[in-house]
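In the working numbering, the protein residues as written are 2 to 437.
Ideal placement from N, C-alpha and C gives every residue a C-beta, glycine not left out.
Fair warning: this is a prediction, and the values are worked out from it, not measured in the lab.
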Ligand code: UDX
């Protein structure tokens, strides 16, 4: 059993802390947000993540998981402190490091015994060294510490499974002994552990996310070409995926990537490249194609409806992907805004993300369920591929719509079936399968 402090109770911090507690360690999760900590102490989880509430409850009961706002309390007997604070996009696309700086300074001022500082926040290459400098500078008296980078690769919606079954654990440090101690913490996960230097570890994280975003933009570009040439991108992707060098994952064409990581990380990597005199033309293309993926939905609806002004459009799904209530950089929310700008009346339905959506876009009407959403609309646009949308009673849906227009932004429906039901159906990159 190790004693670990985790700074930041967002997705990464909360999942990391809870999972390490579940592996038998004593974890104190810290946040400067008093209200959040008060809620967590009452077992209220501020985010929607399948399985997390139960896991937090179990580990709190077992006396392995604690919540505090006090650095003194969190660091008291800690051997490790994980920094898991947010690194939002700054004005120029750069990662905003103010929370990392605050955490590093406070750790430095509070620590009274040697510590291993593990950084999990996604930070620009070189930040590990910067954190070490800040700690050294801010310590009232010198106390030994080491900085280890341990980037997270958790997907929202499956974060616990991802933590417990990682493809790999990446550790970066200039201190092999500290890296080895952090490696020990991860041994129960039985995953390959890659130990490298700080900067390389930080770059592995950016390069991985940028590569996945590139795959998505690649297949969206192929989808646009498929649409012109009469091929079906779904089958193209499936056919490509059998090639072991390519693999089947992250080749789903659609409305593009969103969420808290890909958009921010690709932008931040572009920014890092630019300020160091590199020309990140591929990253720029990836971002441009991702913007076009949203515009595709607007263009398609405008074309099918003969304009958007006063048209009633229902959005099926609002979260940036299924199994999360996260609306950050959500294609649905961006498309809602674009449609409203052209005079459309937009309503939406999402199984879990509606409270957040109401705050972001008060003009958007929200429906109780998909059938109420379909009532009287001129078109439905599927934005998020929640499982519950895959088995809707489409006859009932069609019967209540003003016009049977279905735009499938995630290609979850069978074009032939939808046409047989009488829908005017458009999927992404489905060529002559689109039923024109
Ligand atoms: C991502 C990374 O996967 C994770 O390793 C990282 O640490 C955090 O960012 P997450 O943002 O939770 O995780 O979502 P992910 O499942 O990777 O999907 C990102 C976006 O890409 C979603 O908007 C999704 O809809 C989109 N996507 C994904 C596609 O459009 N097509 C695909 O084939 C796959």
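| Asked | Found |
| --- | --- |
| Can you list the beta strand (DSSP E) stretches of 3 or more residues lying completely in the stretch 10 to 88, in chain order? | 27 to 31, 66 to 69 and 81 to 84 |
| Can you tell which of 137, 204 and 113 has its C-alpha closest to the C-alpha of residue 153? | 204 |
| Helix, strand or coil: which one does DSSP assign to residue 155? | coil |
| Could you give the DSSP three-state label for residue 101: helix, strand or coil? | helix |
| Please list the terminal residues of the continuous alpha helix (DSSP H) segment that includes residue 227. | 199 to 230 |
| For a test of your reading of the model: does the CB of residue 261 fall under 7 angstroms from any non-hydrogen atom of the ligand UDX? Yes or no. | yes |
| Pairs of beta-carbons, one from the stretch 337 to 356 and one from the stretch 394 to 401, closer than 8 angstroms: are there three or more? | no |
| Go to residue 409, then tell me how far its alpha helix (DSSP H) extends in each direction, as first and last residue. | Where residue 409 is concerned, there is no enclosing alpha helix (DSSP H), although the beta strand (DSSP E) it sits in stretches over 406 to 409. |
| Buried or exposed for residue 169, going by 16 or more other Cβ atoms inside 10 Å? | exposed |
| Suppose the cutoff is 7 angstroms on Cβ atoms and the five residues either side in sequence are ignored; what does the same chain contact list for residue 330 look like? | 259, 260, 264 and 321 |
| Check residue 437 in the structure and name its three-state DSSP category. | Its pLDDT being 44, under 50, residue 437 is placed unreliably in this model, and the value from its coordinates should be taken loosely. Residue state, collapsed to three classes: coil. |
| If contacts are defined as beta-carbon pairs under 8 angstroms, then residue 157 and residue 351 qualify, I think. What distance do you get, rounded to the angstrom? | That pair is no contact at about 14 angstroms. |
| Taking all protein chains shown into account, decide if residue 226 is buried (16 or more other Cβ within 10 angstroms of its Cβ) or exposed. | exposed |
| Of the choices 28, 246 and 9, whose alpha-carbon is the least far from that of residue 186? | 28 |
| Mapping DSSP to helix, strand and coil, what is residue 237? | helix |
| Give a yes or no on whether the C-beta atoms belonging to residue 4 and residue 63 are separated by under 8 angstroms. | no |
| Looking at residue 74 and the ligand UDX, is the gap between the Cβ and the nearest heavy atom below 7 angstroms? | no |
| Does DSSP put residue 413 in a helix, a strand or coil? | coil |
| Rounded C-beta distance between residue 127 and residue 200? I'm assuming under 8 angstroms. | 6 angstroms |
| Going by alpha carbons, who is nearest to residue 343 out of 359, 315, 360 and 309? | 309 |
| Bridge partners of residue 426, per DSSP? | 407 |
| Please classify residue 410 as buried or exposed, where buried requires at least 16 other C-beta atoms within 10 Å of its C-beta. | buried |
| Heavy atom of the ligand UDX less than 7 angstroms from the Cβ of residue 217, yes or no? | yes |
| So does the stretch 237 to 254 actually touch the stretch 302 to 317, counting three or more Cβ pairs closer than 8 angstroms? | no |
| Please classify residue 182: is it buried, with 16 or more other beta-carbons within 10 angstroms of its beta-carbon, or exposed? | buried |
| Could you work out which residue in 253, 90, 125 and 38 is closest to residue 208 when comparing CA atoms only? | 125 |
| Just list the residues that DSSP pairs residue 333 with in beta bridges. | Bridge partners of residue 333: none, in fact. |
| Do residue 153 and the ligand UDX come close, with the Cβ less than 7 angstroms from some heavy atom? | yes |
| Looking at the unbroken alpha helix (DSSP H) that takes in residue 302, where does it start and where does it end? | 282 to 306 |
| Going by DSSP, name the residue or residues bridged to residue 350. | 317 |
| Using alpha carbons as the reference points, say which of 387, 391, 395 and 334 lies closest to residue 366. | 334 |
| Using the beta-carbon count (16 or more within 10 Å), is residue 371 buried or exposed? | buried |
| For the 8 angstroms Cβ check, are there 3 or more pairs between the stretch 288 to 298 and the stretch 217 to 234? | yes |
| Within 7 angstroms: the Cβ of residue 253 and any heavy atom of the ligand UDX? | yes |
| What is the DSSP secondary structure of residue 126, counted as helix, strand or coil? | coil |
| According to DSSP, simplified to helix, strand and coil, what is residue 251? | coil |
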